[in-house]
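The next block holds one structure in the form of structure tokens; read it before the comments.
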Amino acid sequence: MIRTVERQPGARPVIEPVPTGDVAKRESAVRIEDLSAWYGATQAVGDVSLELPRGAVTAIIGPSGCGKSTLLRCLNRMHETTPGARVAGQVFLDSLDIYWTGVDAVEVRSMVGMVFQKPNPFPMMSIYDNVAAGPRLRGWKMDRKKMDELVERNLRRAALWDEVKDRMGRSGAALSGGQQQRLCIARALATDPAVLLMDEPASALDPIATYKIEELVRELSSEVTIVIVTHNMQQASRVSQRTAFMLAGDDGVGRLVEYGRTDDIFTNPREPRTEAYITGRFG
Amino acid sequence: MSTAVSTGVMARVPERHAVSARRRARERTMQVLLSAAAFGAATLLVIILGYVIVRGAPALNVAFFTERPLPFGVEGGGVGPAVIGTVILSVLAGVLAIPIGIASAIFVTEFRSGRLAPAVRFAAELIAGLPSIVVGVFVWAFLVRGIIGTYAAVAGAIALAIIMVPIVARTVEEVLRLVPQSLREAGLALGAPHWRVVLSIVVPTARTGIATAVVLAVARAAGETAPLLLTALGNLFFSTDLLKPISALPIQIYQYAASPYDDWHTKAWGSSLVLVGVIALLSLTLRLAIRRGAR
């Protein structure tokens, strides 16, 4: 098990392995092996292998078109919802190979939450119903009281409760962009996913809303494994403990260049291409 | 250097001025043309409606709605059977056509991976292009002459339904395409099966557009005449029997208008006004029902 520990007030949290007797829990939350992804005949991701630690935030950074969003969408089998899309390789959630023939994509998605680049609350649903959407869409049987509790708990987890508790019946589309995104986070958390995927969750938001989302990511990382795609390097360094840097080659195929502790990637990268990117020489 | 630049800019000013004046003039011309077109379309509607009201209003009284048509020369009489017939035919045709139309639109837009979807869309387009009289002849041959053996309300409703299905399907298809892909993705990412996402997210999001599609189709069908002449036939008496001929306002208008009597011509205008009113009422009820049902 890995836990984030504050070294000193104000310092960025670092990963400290916590000794535990439970072997299964020490495993990575997500293990990616030789993953390649295509859109039709165009390969977007090539032979990526990664192990993402449990209960930590992993950032995937890289310039536009490096395949980082595609890689993320392979982790909950959303990639294949695009017509003509194809995946090769393996992805393990705990010990489950999600691309194994007997595994249903819907089952996989119910174990993984996802937050998208543009806030996408369901416009015809109230704030309450947006949070309750996941359990309802999956046909969970819950009485009204249980559902009320679930909605409140997850709005609190998304740091939105105090702002919306008096207008739960209002449309989710009436909120500000940042609030909408936190509503989407509450919606994704409502089904208790083990892993939360975030695809540039703050890129459509103003700096204050972005700050709140980052704050939230740090808080949530103690209870859920987070993978966040971003092209904002400061954001990656602020919120993550691990960073993966991807880059598209001359063939247009996105590959993993370097992966390691965020500290190391940003202060002491091994690869010259990583250094060039984080110092802003391209991308 | 800076002098050179500023002379350059100054030298271009008169020319730019001329360009922007021309652009403004073009902008104004376009605005005038477009508002003239919009005004023309609105005026046409007002003229038609106004004329129908002016010519039809004298025919209207309570008896016109409650009584059956009487032979020429007999005072009074009305289009009661036709009003009831139009409502019955439209509702029945709607009940038959709307679910099929919406379902096929959903199939074409949301489950398009199969090879069947383009075929379904092509078929809908073909049916939409069929002249309504051809639909009437078809239903006449199969149902009126064949299965039922007589002109019947249900045959009329089926003919109208055949005309409605492609209208509903094509319009709903357009509306469903307007639902942002990001909402479908949000639903799928929550672990919902595809069909759940479609029924619980895509369709409710598009509900007002779907309501419009349904209203358009019903309005179109309620005004159809040709297929009804060959299927529902018309009836001078009140009838709600689906297996017997039934009257309808377009049939009544046709019969009154084709007569040589002034009184019947006035009644034709009156029936036209009633038909417009019935369609407006049907549309309003449908809209309200769908809006309330979505809440």
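Listed in order, the protein sequences are those of chains A and B. For what it's worth, the working numbering labels the leading residue of the first sequence as 8, then goes sequentially. For what it's worth, the working numbering labels the leading residue of the second sequence as 27, then goes sequentially. Think of the CB as a built atom: it goes at the ideal place given N, C-alpha and C, for glycine as much as any other residue.
Is it the case that the Cβ atoms of residue 255 (chain A) and residue 72 (chain A) are separated by a distance below 7 Å?
Reading the first sequence from its first residue, position 248 is the one you call residue 255 (chain A). Reading the first sequence from its first residue, position 65 is the one you call residue 72 (chain A). Yes, Cβ-Cβ distance for residue 255 (chain A) and residue 72 (chain A) is below 7 Å.
Give the range of the alpha helix (DSSP H) segment to which residue 164 (chain A) is assigned.
For the purposes of this step, residue 164 (chain A) is taken as the residue at position 157 of the first sequence. Residues 151–164.
Am I right that residue 188 (chain A) and residue 220 (chain A) are in contact with their C-beta atoms under 8 Å? What's the rounded C-beta distance?
Along the first sequence, one-based indexing puts residue 188 (chain A) at 181. Along the first sequence, one-based indexing puts residue 220 (chain A) at 213. Yes, they are in contact, since the Cβ atoms of residue 188 (chain A) and residue 220 (chain A) sit about 6 Å apart, within 8 Å.
Mind checking whether residue 248 (chain B) and residue 112 (chain B) have CB atoms under 7 Å apart?
Here the question's residue 248 (chain B) lines up with position 222 in the second sequence. Here the question's residue 112 (chain B) lines up with position 86 in the second sequence. Yes.
Answer yes if the stretch 166–184 of chain B comes into contact with the stretch 199–216 of chain B, meaning at least three C-beta pairs across the two stretches below 8 Å, and no otherwise.
no
Please return the same chain residues whose Cβ sits closer than 8 Å to the Cβ of residue 28 (chain A), not counting the five positions on each side in sequence.
Reading the first sequence from its first residue, position 21 is the one you call residue 28 (chain A). Interpretation of residue 28 (chain A) is limited by its pLDDT of 39, a score under 50 that renders its predicted location unreliable; the figure taken from the coordinates is listed afterwards. So no residue of the chain qualifies.
Using the rule of at least 16 other Cβ atoms within 10 Å of the residue's Cβ for burial, across every protein chain shown, is residue 178 (chain B) buried or exposed?
Here residue 178 (chain B) is taken as the residue at index 152 of the second sequence, counted from 1. Buried, by the Cβ-count rule.
Give a yes or no on whether 7 Å exceeds the smallest Cβ distance from residue 144 (chain A) to chain B.
Translated into positions along the first sequence, residue 144 (chain A) becomes position 137. Yes - at least one Cβ of chain B is within 7 Å of the one on residue 144 (chain A).
Should residue 79 (chain A) and residue 204 (chain A) be called a contact, given that it needs their Cβ atoms to be closer than 7 Å?
Position 72 of the first sequence, counting from 1, holds the residue named residue 79 (chain A). Position 197 of the first sequence, counting from 1, holds the residue named residue 204 (chain A). Contact: yes.
Quick check on residue 231 (chain B) - is its C-beta less than 7 Å from some C-beta in chain A?
In the second sequence, residue 231 (chain B) corresponds to position 205, counting from 1. So, interface residue.
Is the separation between the beta-carbon of residue 59 (chain A) and that of residue 36 (chain A) shorter than 7 Å?
Position 52 of the first sequence, counted from the start, is the residue given in the question as residue 59 (chain A). Position 29 of the first sequence, counted from the start, is the residue given in the question as residue 36 (chain A). Yes.
Mind checking residue 84 (chain B): buried by the 16 CB within 10 Å criterion, or exposed?
Locating residue 84 (chain B) in the second sequence gives position 58, counting from the first residue. An exposed status is given to residue 84 (chain B), since fewer than 16 other beta-carbon atoms sit within 10 Å of its beta-carbon.
Below 8 Å, can you find three or more Cβ-Cβ pairs linking the stretch 151–162 of chain A to the stretch 233–246 of chain A?
no
Check whether the stretch 204–221 of chain B touches the stretch 131–147 of chain A, counting contact only when three or more Cβ pairs, one atom from each stretch, lie closer than 8 Å.
yes
Name the residues in the stretch 116–145 of chain A whose C-beta lies less than 7 Å from a C-beta of chain B; which are they?
116, 117, 121, 123, 125, 127, 129, 130, 131, 140, 141, 144 and 145
Note down, in chain order, each residue of its chain lying with its Cβ closer than 7 Å to the Cβ of residue 298 (chain B), except the 5 sequence neighbours on either side.
Translated into positions along the second sequence, residue 298 (chain B) becomes position 272. Answer for residue 298 (chain B): 78, 82 and 279, listed in chain order.
By the 9 Å beta-carbon criterion, what residues does the stretch 213–231 of chain B contribute toward chain A?
213, 214, 215, 216, 217, 218, 219, 220, 222, 223, 226, 227, 230 and 231
At which residue ranges does the stretch 162–221 of chain A contain complete alpha helix (DSSP H) runs of 4 or more residues, listed in the order of the chain?
Within the stretch 162–221 of chain A, the runs of alpha helix (DSSP H) at least 4 residues long that lie entirely inside it are, in chain order, 168–171 and 184–196.
What whole-angstrom Cβ distance do residue 191 (chain A) and residue 130 (chain A) have, given they're in contact under 8 Å?
Working through the first sequence from its first residue, we reach residue 191 (chain A) at position 184. Working through the first sequence from its first residue, we reach residue 130 (chain A) at position 123. Contact check for residue 191 (chain A) and residue 130 (chain A): beta-carbon distance about 12 Å, past the 8 Å limit, so the pair fails to qualify.
Which word fits residue 307 (chain B), buried or exposed, when buried means at least 16 other C-beta atoms lie within 10 angstroms of its C-beta?
Within the second sequence, residue 307 (chain B) is the residue found at index 281, counting from 1. By the neighbour-count criterion, in which 16 or more other beta carbons inside 10 Å mark a residue as buried, residue 307 (chain B) falls on the exposed side.
Measure from the C-beta of residue 209 (chain B) to each C-beta in chain D and report whether the shortest distance is under 7 Å.
Among the protein chains in the structure shown, which are A and B, there is no chain D.
Thinking C-alpha only, which one of B:157, B:128, B:162 and B:238 is nearest residue 146 (chain B)?
If you number the second sequence from 1, residue 146 (chain B) lands on position 120. Per the Cα distances, B:128.
Could you tell me which residues DSSP puts in a beta bridge with residue 193 (chain B)?
Translated into the one-based positions of the second sequence, residue 193 (chain B) becomes position 167. Residue pairing from DSSP leaves residue 193 (chain B) without any beta-bridge partner.
Using a beta-carbon distance below 7 Å, is residue 88 (chain A) in contact with chain B?
As a position in the first sequence, residue 88 (chain A) is number 81, starting the count at 1. Output row for residue 88 (chain A): interface = yes.
Per DSSP, which one or two residues make a beta bridge with residue 65 (chain A)?
The residue you call residue 65 (chain A) lines up with position 58 of the first sequence. DSSP, once it has assigned bridges, lists A:234 and A:249 as partnering residue 65 (chain A).
Against residue 83 (chain A), what residues of chain B qualify as contacts under a CB-to-CB distance less than 7 Å, listed in chain order?
Within the first sequence, residue 83 (chain A) is the residue found at index 76, counting from 1. Within chain B, the residues near residue 83 (chain A) are 215.
Check whether the stretch 290–304 of chain B and the stretch 265–281 of chain B are in contact - that is, three or more C-beta pairs closer than 8 Å.
yes
Looking at the unbroken alpha helix (DSSP H) that takes in residue 121 (chain A), where does it start and where does it end?
Your numbering for residue 121 (chain A) matches position 114 in the first sequence. Under the DSSP assignment, residue 121 (chain A) falls outside any alpha helix (DSSP H), being part of the beta strand (DSSP E) whose first and last residues are 119–122.
Starting from the beta carbon of residue 198 (chain A), find every residue of chain B whose beta carbon is closer than 7 Å, and list them in chain order.
The count along the first sequence starts at 1 and reaches residue 198 (chain A) at position 191. Those are 216 and 217, listed as they occur along chain B.
Secondary structure at residue 114 (chain A), three-state DSSP: helix, strand or coil?
The residue labelled residue 114 (chain A) in the question sits at position 107 within the first sequence. Reduced to three states, the DSSP call for residue 114 (chain A) is helix.
Quick check: what's the CA-CA separation for residue 44 (chain B) versus residue 50 (chain B)?
Residue numbering aside, residue 44 (chain B) sits at position 18 when the second sequence is read from its first letter. Residue numbering aside, residue 50 (chain B) sits at position 24 when the second sequence is read from its first letter. Those two C-alpha atoms are separated by around 10 Å.
Could you check whether the Cβ of residue 246 (chain A) sits closer than 7 Å to any Cβ belonging to chain B?
As a first step, residue 246 (chain A) is located in the first sequence; it is residue number 239 there, counting from the start. Cβ-Cβ to chain B under 7 Å: no for residue 246 (chain A).
According to DSSP, what are the bridge partners of residue 1 (chain A)?
Residue 1 (chain A) cannot be examined here, being either before or after the span of chain A that is shown, 8 to 290.
Please confirm if residue 224 (chain A) has its CB atom under 7 Å from at least one CB of chain B.
Stepping through the first sequence from its first residue, residue 224 (chain A) is reached at position 217. It does not; no Cβ of chain B falls within 7 Å.
I'd like to know whether the C-beta atoms of residue 120 (chain A) and residue 42 (chain A) end up nearer to each other than 7 Å.
Mapped onto the first sequence, residue 120 (chain A) falls at position 113. Mapped onto the first sequence, residue 42 (chain A) falls at position 35. No, they are not a contact pair.
So with CB distances below 7 Å, who are the chain B contacts of residue 52 (chain A)?
Position 45 of the first sequence, counted from the first residue, corresponds to residue 52 (chain A). Here the premise fails: no neighbours, minimum Cβ distance about 18 Å.
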